[in-house]
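Asker:
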Amino acid sequence: MEFQIPNFYPAAPELAVVAISLLTLLLVSFARRRASQIAYYMTHVALLLAAVLTIHVSRDFSATIGKLYVQLPFSEFLRNLGQIGLAYLGSSEMSFTFGQMYLADPLGDLLKVVVCASVAMVLIYGRRYLQDRKLESAEYYLIILFAVLGVMVLISAGSLLSVYIGLELLSLSSYALVAINRDSIRSTEAAMKYFVLGALASGLLLYGMSMVYGATQSLGLVDVARSLVDPQSANRTVLLFGLVFVVAGVAFKLGVVPFHMWIPDVYEGAPTAVTALIASASKLAAFAMVCRLLALGLWDLVEHWKLMLLFTGVASIVLGNLTAIAQSNLKRMLAYSGISHMGFLLLGFASTTSHGSTNAYASSLFYVLTYVLTTLAGFGIILLMSRAGFEAESLDDFKGLNKRSSWWAGLMAVVMFSMAGLPFFVGFFAKFFVLQALWSAGYAALAVLAVVMSLVGAFYYLRVVKIMFFDEPAADFSGIEACFGVRCLLSVNVLAIALLGLFPSFLMQTCVLVVQGSL
Amino acid sequence: MAISFPTICFYLFSAILVFAGLRVITARNPVHAVLYLVLAFFTSGMIWMLMQAEFLAIAIVLIYVGAVMVLFLFVVMMLDINVDKMREGFWRYLPVGLVVAAIMVAEMAMVLNGRYFRLENQPAPQAVDAGYSNAQDLARVIFTDYAYPFELASLILLVAMISAVMLTYRRRESIKHMDPAAQIAVKAKDRLVIHSIPAEKEESGAESTAEVTK
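So the sequence lines, in the order shown, correspond to chains A and Y. Each residue of the first sequence is one higher than the last, beginning at 713 in the numbering used here. Each residue of the second sequence is one higher than the last, beginning at 966 in the numbering used here.
Next up, the structure:
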């Protein structure tokens, strides 16, 4: 068989990230001083370039937008900006390169752009925190760039092999990032736990993949799906055996019950800036993994993985919400709340029906996007409150925040309301869409249980608000030190939560469109 | 059932492999344990050789035995490992370990004796002729069809390298460094400062000082 040089063009975002990270590596090795500053700005350049390329590569701007733009007067154009953006986003199609290893589709593009944006926000929020603790180094930014690359590879994985390689790139970088504060016993312990359990999960996933490969004789996800359609060609028993392990590996990455043990320790032990990264980019990667492996590759086994996801989802919601009540550490509390949120995500994903699964996937995509936005704001505020020698991670540190700064207390309250799912914040609509999908798939009892559990969950979110507004502040009354840009970005982030809560339809439309174009 | 020469070899190597594996965890002396691990790697290389995977066989001998295990040996020799402390509770945990191992063996036996995995269902790979090059075939697919994951794997190694340096390297401020570049770039005027001091005359005993000023 003659080998043909693959088309590199669809993979331009990944290539750009690789090129810039290698360039940065060279630059910082020769830079005398300011190595970390150079790396910081280079990382932002890489993220921006990757996002722009992701949007630009597979779409023809002049063909879709240019025509519309010429016809419409400018005021009309502005008014229909949302619709035109949607048309532009949806104008790409699924394409493969590197012989099915790489898969580009609208869902992947959307996730990649969100990953780039959220990592950029993590960097901006966390910079002062790292500088205060003398943790900022060029290597930190380099490893984050490689982690982003891993996420992007995972998002656009078209074969079992690229799923695994992307996952390893991301996990290895995350282990190193958690351990970055090497003099702290807590961080090292967290990194060790993360590493050992992560290696175990990788093994499980790989074992499952080998079973799938053995049964279908193919690595490409589309080929796997194709050979599953014919009931004669693949052995069901082996496939189900493999499916269990694949789901276990994915559940570990998402951090859902019963594979959630690492989440609280890692969230608490890692420096808060790294925790924010694990809570945002990692979750998007895990969501992409669920989409690729289950919704694309093993689609034919939907009846089986659906039950597994429903079970883990419900267990996570129950355990996450009940355990979070007992926490006095805010980072640990957010970890348990993250477990329950991921449970919701899985419930949404699993509520496919025989009529179609667009609703289920779209609700779960909406959930993960808004969760990332909210959790970024939450960790952003924790990072903002911290200063040298003070972590601001205990609930007591937030006592009487209203007296210190009403603005930030208000914004934190918005974040907490949204996480609790109070109406007219975006978290409410995220939960609402998931419950709607669950209800229409016929799982009424589960929907009721999920609602009851989120009511329980509202207790610990509202307790934070109560502490901020009604408790007396501690003796320490120092102000909040952060530069103007960080304050602005963080405020915009929180206001976006509130605004999306008022106008959720646009984001939901985007999700539906993207899911229709991809899955 | 006729026993062919490869079959005899396979059982011989497997027996050595199992024995070496057991000795790795039971040897009292850590250096002996490492040496048994070398034996285990070498024997598994031989088994690969039986399966006509020469490249893998040579790679495991070169990389694991030649490089990794030698490094291991150095580390083991340099670290002061208290063997007795590490082996504490070995007998206490042994029953549990044996039970777990027995369950695992039983499960694997059930899977392997299942309908799908039985030997008859797995056709033996086609024998290849003597001139066949394993390495060439491997290279062809790695650099063509699997170039994308291969290159990404190299980046994973790079991440491991960067993070190893990041987590272990400590710049010690107390030590005085020499900067060769700065040493070369130095100019005479950085080192030697010539002050012009105006000659002055002292009232008493001026003779000796005047000469010094000159």
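Glycine included, every Cβ here is placed at the ideal spot set by N, Cα and C.
Check the Cβ-Cβ distances between arginine 1116 of chain A and every residue of chain Y, and say whether any is below 9 angstroms.
Answerer: no
Asker: Would you kindly report the start and end of the unbroken beta strand (DSSP E) that includes alanine 816 of chain A?
Answerer: 814–816
Asker: Between the region 791–819 of chain A and chain Y, which residues of the former have a C-beta closer than 7 angstroms to a C-beta of the latter?
Answerer: Correct list: Phe810, Gly811, Met813, Tyr814.
Asker: How about methionine 1069 of chain Y: is its C-beta nearer than 9 angstroms to some C-beta of chain A?
Answerer: no
Asker: Rounded to whole angstroms, what is the Cα-Cα separation between glycine 1090 of chain A and methionine 904 of chain A?
Answerer: 26 angstroms
Asker: Taking the continuous alpha helix (DSSP H) assigned at threonine 1064 of chain A, which residues delimit it?
Answerer: Segment: none, threonine 1064 of chain A is in no alpha helix (DSSP H) and carries neither H nor E.
Asker: Given that a residue counts as buried once 16 or more other Cβ atoms are within 10 Å of its Cβ, and exposed if not, what is glycine 1062 of chain Y?
Answerer: exposed
Asker: Which stretch, first to last residue, makes up the beta strand (DSSP E) that contains serine 807 of chain A?
Answerer: 807–809
Asker: Run the CB neighbour count on glutamate 880 of chain A, radius 10 Å, all protein chains shown included, and call it buried at 16 or more, exposed below.
Answerer: buried
Asker: Rounded to a whole number of angstroms, what is the C-alpha to C-alpha distance between leucine 1117 of chain Y and tryptophan 1119 of chain A?
Answerer: 45 angstroms
Asker: Under 9 angstroms, CB to CB, which of the residues in the region 1028–1039 of chain A have a partner in chain Y?
Answerer: none
Asker: Please look up how many angstroms separate the CB atoms of leucine 1231 of chain A and tyrosine 1073 of chain A, rounded, as I've assumed it's under 8 angstroms.
Answerer: Cβ atoms of leucine 1231 of chain A and tyrosine 1073 of chain A come within 8 angstroms of each other, at about 6 angstroms.
Asker: Assuming arginine 1199 of chain A is part of the alpha helix (DSSP H), what are its boundary residues?
Answerer: Per DSSP, the unbroken alpha helix (DSSP H) holding arginine 1199 of chain A starts and ends at 1196–1214.
Asker: Quick one: Cα of tyrosine 1053 of chain A to Cα of tyrosine 1083 of chain A, how far?
Answerer: This sequence places histidine at residue 1053 of chain A; tyrosine is not what is there. Approximately 8 angstroms between the Cα atoms of the pair.
Asker: List the DSSP bridge partners of asparagine 1041 of chain A.
Answerer: A/Ser1106
Asker: Hey, is the region 885–901 of chain A in contact with the region 983–991 of chain A, meaning 3+ C-beta pairs nearer than 8 angstroms?
Answerer: With a cut-off of 8 angstroms, the region 983–991 of chain A and the region 885–901 of chain A count as touching, because enough Cβ pairs lie within range.
Asker: Count the other CB atoms within 10 Å of the CB of alanine 1047 of chain A; is the residue buried (16 or more) or exposed (fewer)?
Answerer: With 16 or more other Cβ atoms within 10 Å, it is buried.
Asker: Would you list, in sequence order, the uninterrupted alpha helix (DSSP H) runs of no fewer than 4 residues that lie entirely inside the region 991–1045 of chain Y?
Answerer: For the region 991–1045 of chain Y, the full-length alpha helix (DSSP H) segments reaching 4 residues or more read 995–1015, 1019–1024, 1034–1043 along the chain.
Asker: Compare the Cα-Cα distances from valine 1146 of chain A to each of A/Leu1057, A/Leu1174, A/Phe971, A/Leu857 and report the closest residue.
Answerer: A/Leu1057
Asker: Counting only beta-carbon separations shorter than 9 angstroms, does aspartate 1102 of chain Y have a partner in chain A?
Answerer: Not a single CB atom of chain A sits nearer than 9 angstroms to the CB of aspartate 1102 of chain Y.
Asker: Taking only beta-carbon positions, decide if isoleucine 892 of chain A is within less than 9 angstroms of chain Y.
Answerer: yes
Asker: Could you list the residues in the region 1004–1025 of chain Y with a C-beta less than 7 angstroms from some C-beta on chain A, going in chain order?
Answerer: none
Asker: Using the Cα positions of alanine 1125 of chain Y and leucine 1096 of chain A, report the straight-line distance between them to the nearest angstrom.
Answerer: 31 angstroms
Asker: Taking a cut of 9 angstroms between CB atoms, which residues from the region 861–892 of chain A lie near chain Y?
Answerer: Leu861, Gly862, Val865, Ser871, Leu873, Ser874, Tyr876, Ile877, Gly878, Glu880, Leu881, Leu884, Ser885, Tyr887, Ala888, Leu889, Ala891, Ile892
Asker: Determine, for serine 849 of chain A, whether the minimum Cβ-Cβ distance to residues of chain Y falls below 9 angstroms.
Answerer: yes
Asker: How about phenylalanine 1102 of chain A: is its C-beta nearer than 9 angstroms to some C-beta of chain Y?
Answerer: For phenylalanine 1102 of chain A, the closest Cβ of chain Y is not nearer than 9 angstroms.
Asker: Hey, valine 863 of chain A and alanine 993 of chain A are a contact pair by Cβ (cut 8 angstroms); roughly how many whole angstroms apart?
Answerer: Indeed they touch by this definition, with Cβ atoms about 6 angstroms apart.
Asker: Whose CA, out of A/His972, A/Tyr979, A/Tyr841, A/Ala1000, lies closest to the CA of alanine 816 of chain A?
Answerer: A/Ala1000
Asker: Let's see if you can read the secondary structure: which residues bound the alpha helix (DSSP H) around serine 939 of chain A?
Answerer: 933–941
Asker: Please classify alanine 869 of chain A: does DSSP put it in a helix, a strand, or coil?
Answerer: strand
Asker: Taking Cβ positions, are methionine 1020 of chain A and valine 959 of chain A nearer each other than 9 angstroms?
Answerer: Result yes, Cβ atoms of methionine 1020 of chain A and valine 959 of chain A sit closer than 9 angstroms.
Asker: Where are the alpha helix (DSSP H) runs, 4 residues long or more, that stay fully inside the region 1105–1143 of chain Y, in chain order?
Answerer: 1112–1133
Asker: For chain Y, check one thing: does any of its Cβ atoms lie closer than 9 angstroms to the Cβ of tyrosine 1155 of chain A?
Answerer: no
Asker: Please classify lysine 1179 of chain Y as buried or exposed, where buried requires at least 16 other C-beta atoms within 10 Å of its C-beta.
Answerer: Residue placement at lysine 1179 of chain Y cannot be trusted, given a pLDDT of 48 that sits under 50; the coordinates are not used to answer.
Asker: Does the region 1031–1046 of chain A come close enough to the region 904–923 of chain A that 3 or more CB-CB pairs lie under 8 angstroms?
Answerer: Contact between the region 904–923 of chain A and the region 1031–1046 of chain A is not established, with fewer than three Cβ pairs separated by less than 8 angstroms.
Asker: For alanine 762 of chain A, which option in A/Phe858, A/Asn1205, A/Met813 has the closest C-alpha, if you only look at C-alpha atoms?
Answerer: A/Phe858
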